[in-house]
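Per my numbering, the very first residue in the sequence shown carries number 64; after that it's consecutive.
A quick write-up on the structure given underneath.
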Amino acid sequence: MKKLLTAGLLIATAFAAEGYKVINKIKIGGTGGWDYVALDNTNRRLYASHTGFVEVVDPDAGKVVGQITQLHGVHGIAVAPELNKGFISNGQSNSVTVFDLKTLAKLGEPATGGNPDSICFEPKTQRVFTFNGRSNDSTAINAKTNEIVATFPVGGKPEFCVVDGAGKLYVNIEDTAEVIEIDAAKPAVLRRAALAPAEGPSGLAIDVKNKKLFSVGDNKMMAVTTSRP
């Protein structure tokens with residue numbers, strides 16, 4: 064993956080110039096920490112991880128409409144509307160809680176590698192991938208059956224993941240300051256790209272149309288790379 068651009072303050076300045084502003088706030092309340100959020104645009108539900116449970120929010124009504132409880136250090140949430148399933152990574156129990164998107168009922172809890180953090184549903188293969196921060200690997204799960212497909216190394220501590228909808232996943236590797244490309248069908252890492260001078264990348268976004276990735280470093284820099292071979 065060829066490096067295209069590194070930016071930091073320039074990105075924030077550009078956003079301000081375009082007039083970005085907060086238009087609404089949704090009060091959730093409660094105590095404890097937060098991690099990932101995931102939007103199910105099909106069913107219009109927003110899922111937010113909140114320590115030991117997941118808050119279910121109606122973004123249009125602007126209110127909490129449910130909770131998924133008795134989780135274990137929840138980090139990420141992935142949704143598969145076509146299967147009517149959601150998936151939650153439990154960092155403390157090294158597992159994934161599978162739930163029904165309509166009823167929020169739990170459907171299973173397959174095991175993963177150590178401390179699963181980010182989690183993504185890959186639609187082409189119908190697989191869910193957890194990225195395990197302690198064991199430096201990824202666990203692939205058959206989203207239809209909840210069965211483990213494989214756990215494979217990723218060469219460092221994985222952070223945020225995104226999918227391109229065509230069978231590839233991209234993941235920031237925090238401790239090596241890289242972004243990797245994964246073939247979901249194999250499953251295995253295909254390519255790696257250095258993100259320096261951005262360091263400790265965590266947040267990641269993808270522009271599928273223009274084949275660009277945006278990795279946010281902890282040194283106030285953003286690395287923009289291309290997902291083209």
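C-beta: ideal position from N, C-alpha, C; glycine also.
Just so we're clear, the structure is a prediction, and the values are computed from it rather than from any experiment.
Through-space distance from residue j to residue i, alpha-carbon basis
i	j	result
THR105	ALA168	19 Å
ILE140	VAL159	9 Å
GLY171	PHE162	7 Å
PRO173	ASP98	21 Å
GLY280	ASN209	33 Å
ALA206	ASP103	16 Å
ARG255	ILE151	27 Å
THR188	GLY230	7 Å
THR114	CYS183	19 Å
ARG197	TYR233	19 Å
PHE215	TYR83	40 Å
PRO122	GLY92	15 Å
GLU185	ILE245	11 Å
PHE192	ALA248	11 Å
TYR110	LYS283	27 Å
SER201	VAL287	23 Å
PRO179	ALA124	31 Å
Helix, strand or coil at residue i [DSSP, three-state]
i	result
LEU146	helix
HIS113	strand
LEU102	strand
GLY154	coil
ASP227	coil
ASP281	coil
THR69	Any answer about THR69 is weak, because its pLDDT of 37 lies below 50 and its placement is not dependable; what the coordinates show is given next. In the structure shown, THR69 sits in a strand (DSSP, three-state: E or B).
THR166	coil
ALA240	coil
ILE182	strand
VAL159	strand
GLY93	coil
Where the beta strand (DSSP E) containing residue i begins and where it ends
i	result
GLY125	Element bounds for GLY125: n/a, residue is neither H nor E.
ALA261	From DSSP, ALA261 is part of no beta strand (DSSP E); its letter is neither H nor E.
VAL234	231-236
GLY171	169-171
VAL212	211-216
ALA174	Counting along the chain, ALA174 falls outside any beta strand (DSSP E), and DSSP gives it neither H nor E.
Neighbour-count burial assignment, residue i, 16 or more Cβ in a 10 Å radius
i	result
LYS220	buried
ILE86	exposed
ARG190	buried
PRO260	exposed
GLU118	buried
THR166	exposed
Bridge-paired residues (DSSP) for residue i
i	result
GLU118	ALA111, GLN130
ALA251	ASP246
LYS275	ASP270, THR289
Residue i at chain D interface by Cβ criterion, 8 Å
i	result
LYS249	The question asks about chain D, but that chain is absent: this structure has only one protein chain.
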